[in-house]
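> The structure under discussion is supplied below as C-alpha cells; questions concerning it will follow.
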Amino acid sequence: MTQNCKPNCCNSNSEKIYVKGTLHDIEVGMKEITLADKSLPKVRIYDTGGEWSANTKPDVNKGVKRLREPWIKKRANEGQTLTQMALAKQGIITPEMEYVAIRESLGHMKNGSYLITPELVRSEVAAGRAVIPANINHPEAEPMIIGNRFLTKINTNIGNSALGSDIDREVEKAIYSCLLGGDTLMDLSTGNNIHQTRDRIIRNCPVPIGTVPIYQSLEKVNGIAEELTWNIYRQTLIEQCEQGVDYFTIHAGLLKNYVSLTSKRLTGIVSRGGSIMAKWMIANGEENFLYTHFEDICEILAKYDTAVSLGDGLRPGSIHDANDQAQFAELATLGELTKIARQHNVQVLIEGPGHIPMNKIKENVERQQELCHSAPFYTLGPLTTDIAPGYDHITSAIGAALIGWYGTAMLCYVTPKEHLALPDKEDVRNGIIAYKIAAHAADLAKGHPSAQERDDSMSRARFDFRWNDQFNLALDPERAREYFGKSSHGNDFCTMCGPNFCAMRISHQIADEQKKHSQNQ
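For the sequence shown, position 49 matches number 1425 in my numbering, and the numbering has no gaps at all.
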C-alpha cells in the first residue's frame, strides 16, 4: 500500500492523502491530521467532498471528478453484469467494493488485511445485507456502503418547494452537505425546474443521490394525483436513471386495503409519497400501480444499477401512532418486495419511521430485520417526542442514536425547521452535525473497528490543552473555534472553570507532584 499526499488548503495541520488499492488501480482520498504532539499518531478522517475545501468555491458549471468512469467503461467493455449485487453474487470484488473497504477501514490494516476486508463487503452485498448505491450514470459518486456491519451513514435532504429556493441555492446546500460529511443526498424538490435542479446537483455531487420519483411525476400532471398513470411514472424513472440517480424512494408497499387502517390515527398519512398514492387508489378504486408494476420497476433499475429504497408511506407522524397496525402491515409487504428486487439483482433499502418513543424503537428494528430479510434499514430519526418545534434535530437525533445502535444502517437527518419551514444552509449544518453525532455514537456502541480512534485523540488533546488539535478533530471545527475565540482564556484553562477550578489542570499538577515524590524516594 502506498500513499500520495497533497496539502489541504483549508487546514495547515492536515493533508489530503490517497490510499492505493491492492486489488484494483484505485486511490481512496481521505484527510490525515497531524497533531501538535508529533509523537502521537496522525488521525485519519474520510473526506467526502471531491477536491473542495472550506475555502475553495467549486465551479458548479464544470462539476466534480468522474472518479468511477474508467471502472464503469471497463465493465461495459468486458460485458459484465451491471449491478454490484449481481457481481457480488458471482464472487467478483469490484473496484467499488475495494474502495469501500479502504474507506471503512480509514486505510488501516491488521495482519496484512484492511480492518474491513473487501471480501466482507462483497459477501454482505451479495446477501443483500448491504447496499452500494452506484448508478452507472453517476460516475462522480465516491463509493460508499450502507449496512449494519459498517459505519452508520447519514442522509441529507434538500430540495426546493413551490414557495422557495432556486437551483443555485440547492446546489450550494448540496456542496455544503458534502463538506460537512453527509454520506448521501436526497433531492426532494417539488417546485420549479425539478429536472434542471437535479441535474446540476448530480454533476456536482461526489455522494450518492436519491429522489422520490412520484414528486416529478405529480408535477407532470399539474399536481392532480388522480391523473397519475404507470406510464408517466415509468418515463420519470427512466429519465432520472439516465441522469444518474443512485437510489429511489418508491412507495410500493402501501396497498389499497391498508389506507383504512389509518382512520384511528392522530396524524393520518404524513408521507408525501404515501399520501399521493393513497389519494390515487381511493379516487381510482385500483391497487397501487407501484406494487402491481414492481417487477417492471426492477427491470428498469437493474439496467442502471439504481437501488430501491422501499418507502414507508404509512410511517407514524406522531408518537401516538407509533408501531400501529398500518405501519407494520406495510412493513410486511416491503419484505415481499425485497425478495422480488433481489431476484432481479436490484439492491434494496427499507425505509422506517418517523415518530417513535424510545421504549418502542427496538421493536422497529427487530421487526424490520425479520420481515425484510435483513435488508439495510434507513430511518428518519425517529423523533422521540413531538413537543419541540424548532429543535427537532435534537428530538430526532436522540432516537437516531438509539436506532443506529440497534442496527439501523443509515439515518435520514432532520433539521431545526422540520414541520415549520424549508431549511436553509445553516439548518443543513445543524441537522448534519446532530446526525453525525448520533451516527458516531451508534458506531462506538456497535464496536466498529475504526470508530474510537478519533475520540481517543480528542480526549488526549483536551487533557493536554491542545486547543488547535481539538478544533481539527471536531465534527464542526468552525463552530468550535468560534465559541472558543469569543471567550477569555489561558493556554491551560477555559472560561468554564478558570485557572483555579480546572479539574484537568489540577490533575496535571497532581501527576507532577506524584512524579517528584517518586523521584525523591
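From the three backbone atoms N, C-alpha and C, an ideal C-beta is built for every residue, glycine too.
How many Å lie between S1651 and I1570 at the Cα?
If I take the Cα positions, the gap works out to 20 Å.
> Is I1530 closer than 8 Å to A1827 when the C-beta atoms are compared?
Not in contact: A1827 and I1530 (Cβ atoms no closer than 8 Å).
> Does the Cβ of Q1897 have 16 or more other Cβ atoms within 10 Å, making it buried, or fewer, making it exposed?
Flag for Q1897 reads exposed.
> DSSP on R1576, reduced to helix/strand/coil?
The answer is helix: DSSP assigns R1576 an H, G or I state.
> Can you tell which of S1636, Y1552, L1747 has the C-alpha that lies nearest to the C-alpha of C1581?
The candidate whose alpha carbon is nearest that of C1581 is Y1552.
> Give me the residue from Q1723, G1807, L1798, E1712 with the minimum Cα distance to L1756.
Closest by alpha carbon: G1807.
> Can you tell me where the beta strand (DSSP E) holding L1561 begins and where it ends?
Element bounds for L1561: 1560-1563.
> Does DSSP put R1805 in a helix, a strand or coil?
R1805: helix per DSSP, three-state reduction.
> Quick check: I1726 and P1758, are their CB atoms within less than 8 Å of each other?
Going by C-beta atoms, I1726 is not nearer than 8 Å to P1758.
> Would you kindly work out how many angstroms separate the C-alpha atoms of E1671 and I1469, rounded to a whole number?
Roughly 27 Å between the two C-alpha positions.
> Judging by CA-CA distance, which residue of H1749, A1678, D1697 is the nearest neighbour of T1709?
If we check each option's Cα against that of T1709, H1749 comes out closest.
> Quick one: what does DSSP say I1530 is sitting in, helix, strand or coil?
Strand at I1530.
> Determine the extent of the alpha helix (DSSP H) in which Y1782 is found, giving its start and end residues.
Its alpha helix (DSSP H) spans residues 1768-1782.
> Could you work out which residue in D1559, D1575, C1873, K1486 is closest to V1436 when comparing CA atoms only?
When each option's Cα is compared against that of V1436, the closest is D1575.
> Provide the residue(s) that pair with K1407 in DSSP beta bridges, ordered along the chain.
Beta-bridge pairing links K1407 to K1392, I1421.
> What's the C-alpha gap between Q1890 and A1810?
Near 41 Å, if we compare the C-alpha coordinates of A1810 and Q1890.
> I need the DSSP call for Y1789, collapsed to helix, strand or coil.
Coil.
> Against chain B, with Cβ distances strictly below 8 Å, would D1688 count as a contact?
Given the protein chain composition of this structure (a single chain), no chain B is represented.
> On a Cα-Cα basis, can you pick out the residue from C1873, D1832, V1804 that is closest to R1557?
First, the residue type needs correcting, since residue 1557 is Gly and not Arg in the sequence shown. G1557 has its Cα closest to that of V1804, out of C1873, D1832, V1804.
> For D1819, I'd like the list of residues in its chain whose CB is within less than 7 Å of its CB, leaving aside the five on either flank, ordered along the chain.
Closer than 7 Å at the Cβ level, and outside the excluded window around D1819, lie L1527, T1528, A1827.
> Based on Cα-Cα distance, which residue from H1884, S1537, T1560, V1583 lies nearest to G1567?
With distances taken between Cα atoms, G1567 lies closest to S1537.
> For G1629, which of E1480, D1852, R1691 has the nearest alpha-carbon?
Considering only alpha carbons, the answer is R1691.
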